[in-house]
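Going by the numbering used here, the first residue of the sequence shown is number 35, and it counts up by one from there. Glycine included, each C-beta is placed from N, C-alpha and C at the ideal position. On a predicted model such as this, the values are computed, not experimentally measured, just so you know. Structure first, then comments.
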Amino acid sequence: VLEKEVSTVPGGAGNVVRNLRALGARVSLAGVIGADEGGEILRSDFEQLGLSDADSSGLIAAADRPTTRKTRLMAGQQQIVRLDRESEAPLSDECEAQIITAIRAAASNAQAVILSDYDKGVIRPTLIEAVVAIAREHDLFVAVDPQVTHFQDYRHVGVLTPNHHEAGRFLKRKLVDDAAVRAGGHEIMAQLESQMLLITRGEKGITLFQRSGGADAEPEDFPTMARKVFDVTGAGDTVISVFTLAIAAGASPQDAVRLSNLAAGEVVAQLGAATVTVPELREVIAARTD
35 VLEKEVSTVP
45 GGAGNVVRNL
55 RALGARVSLA
65 GVIGADEGGE
75 ILRSDFEQLG
85 LSDADSSGLI
95 AAADRPTTRK
105 TRLMAGQQQI
115 VRLDRESEAP
125 LSDECEAQII
135 TAIRAAASNA
145 QAVILSDYDK
155 GVIRPTLIEA
165 VVAIAREHDL
175 FVAVDPQVTH
185 FQDYRHVGVL
195 TPNHHEAGRF
205 LKRKLVDDAA
215 VRAGGHEIMA
225 QLESQMLLIT
235 RGEKGITLFQ
245 RSGGADAEPE
255 DFPTMARKVF
265 DVTGAGDTVI
275 SVFTLAIAAG
285 ASPQDAVRLS
295 NLAAGEVVAQ
305 LGAATVTVPE
315 LREVIAARTD
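And the structure:
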């Protein structure tokens, strides 16, 4: 393989940061990198996104694990193979305490918190419990992109945003059609008592569940806004970023889903983990309403 070009882009929770910054949001991040070259590259990437040292104070360098890295070898627009370098070992108590301290320090100036769970050992039940408690103390909206490993630990949050495969694995059955998605969504809402639930369904769009007056409201379906699908990498990060930012800005859940759907429709038409800006969103909205 003849190497012609190399580019680096923050992935995982870093892609959530990219999405939020592209939309003009102020972001404080917390997470773990390795004490290695990859960690320094990530710090530089976040600096280029406009994050100050204070905004990145929750980025903890752990000596016992590498910076998570996924290397995609591309031939033109086709991925040939992906090489992963990572550790899924549980985070040390010391590192977890540092992350919680950073989140507590940032909470007083925040409106929402996003837990982006990639199941790499950083997010544990103790961390979830601490973050939810801090959010409750500061009246912050909590949004969660869950993994099945900790799905049952995300109780009483603002919104959960699993795709239909993740929701089905949590319920131990496949959600194969509209009726199964609706029944499964109600079951998740009852078990975890979240305010809202978004189940992303690929080409079938997004289904919104929300609690109203102590009971579940009728689910609402929002068809996909993708004009073409080129690469779905990072689409879930875009959905949770746009939805959370819209809710923090005072949008209704329905409008927040519509914006998320439009944004996701734009990023899946691009190669790699892409983002969308406010002017681009305005342009898409104008085109849809003409």
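Within the same chain, show all residues whose beta-carbon is closer than 6 angstroms to that of residue i, passing over the 5 residues directly before and after it, in chain order.
| i | result |
| --- | --- |
| ALA136 | ALA64, SER91, GLY92 |
| GLY155 | GLU122, ALA123, PRO124, LEU125 |
| ARG103 | GLY72, ARG119 |
| THR272 | ASN53, ALA297, ALA298, VAL301 |
| SER294 | VAL273, VAL276, PHE277 |
| VAL263 | VAL302 |
| VAL266 | VAL302 |
| ARG138 | ILE168 |
| SER150 | ALA47, VAL50, ASP179 |
On the DSSP letters alone, give me the boundaries of the alpha helix (DSSP H) that residue i sits inside.
| i | result |
| --- | --- |
| GLY73 | 71-82 |
| ASP127 | 127-141 |
| VAL165 | 159-172 |
| PHE204 | 198-205 |
| VAL51 | 47-56 |
| ALA303 | ALA303 -> no alpha helix (DSSP H), and no H or E assigned at all. |
| ALA282 | 269-282 |
In chain order, what residues of the same chain have a beta carbon less than 7 angstroms from the beta carbon of residue i, not counting five sequence neighbours either side?
| i | result |
| --- | --- |
| ASP289 | ALA280 |
| GLY58 | VAL312 |
| VAL291 | LEU232, ILE240, LEU242, PHE256, PHE277 |
| VAL61 | VAL51, LEU54, ARG55, LEU85, ASP89 |
| GLU317 | none |
| ASP101 | The displayed chain sequence assigns Thr, not Asp, to residue 101. Excluding sequence neighbours, THR101 sits near ILE67, GLY68, ASP70, GLY72, GLY73, LEU76. |
| ASP187 | PRO159, ILE162 |
| LEU209 | HIS198, ALA201, GLY202, VAL215, GLY218 |
| CYS129 | VAL66, ILE94, ALA96 |
How far does the beta strand (DSSP E) with residue i in it reach, from first residue to last?
| i | result |
| --- | --- |
| ASP118 | 112-119 |
| ILE67 | 64-68 |
| MET230 | 230-234 |
| PHE175 | 175-179 |
| ARG103 | 103-109 |
| GLU254 | 254-256 |
Might you give, ordered along the chain, the residues of its own chain that have their beta carbon closer than 8 angstroms to the beta carbon of residue i, omitting 5 neighbours on each side?
| i | result |
| --- | --- |
| MET230 | GLY192, VAL193, LEU194, LEU242, PHE243, GLN244, ARG245, PRO287 |
| ILE134 | LEU161, ALA164, VAL165, ILE168 |
Run the CB neighbour count on residue i, radius 10 Å, all protein chains shown included, and call it buried at 16 or more, exposed below.
| i | result |
| --- | --- |
| ARG99 | buried |
| ASN49 | buried |
| ALA167 | exposed |
| ILE67 | buried |
| VAL35 | exposed |
| SER78 | exposed |
| ARG235 | buried |
| THR105 | exposed |
| VAL115 | exposed |
Is residue i a contact residue of the ligand COA, with contact defined as CB to any heavy atom under 8 angstroms?
| i | result |
| --- | --- |
| ARG261 | Absence of the ligand COA is noted for the structure shown, with no ligands found whatsoever. |
Rounded to the nearest angstrom, what separates residue i and residue j at their Cα positions?
| i | j | result |
| --- | --- | --- |
| PHE80 | ALA213 | 42 angstroms |
| GLY363 | LYS206 | Beyond the ends of the chain as shown, which are 35 and 324, falls residue 363; an answer cannot be given. |
| PRO257 | ILE222 | 21 angstroms |
| HIS190 | GLY268 | 26 angstroms |
| HIS199 | PRO180 | 12 angstroms |
| SER41 | GLY284 | 36 angstroms |
| GLU39 | ALA109 | 11 angstroms |
| ALA325 | ASP87 | No information on residue 325 is available, as it lies outside the stretch 35 to 324 that the chain covers here. |
| ASP250 | HIS220 | 7 angstroms |
| GLY218 | ALA140 | 35 angstroms |
| ALA308 | VAL165 | 28 angstroms |
| GLU314 | PRO253 | 29 angstroms |
| GLU171 | HIS184 | 22 angstroms |
| SER142 | ILE94 | 20 angstroms |
| GLN112 | ALA224 | 42 angstroms |
| GLU227 | PHE175 | 14 angstroms |
| GLN132 | GLN304 | 36 angstroms |
| ASP211 | GLU237 | 13 angstroms |
| ILE157 | PRO44 | 18 angstroms |
Identify every residue that forms a DSSP beta bridge with residue i.
| i | result |
| --- | --- |
| LEU93 | GLY65 |
| GLN244 | MET230 |
| ILE148 | ALA177 |
| LEU14 | Only positions 35 to 324 of the chain appear in the structure, and residue 14 is not among them; the question remains open. |
| ASP250 | ARG245 |
For chain C, is any of its Cβ atoms less than 9 angstroms away from the one on residue i?
| i | result |
| --- | --- |
| THR258 | This model lacks chain C altogether; it includes just one protein chain. |
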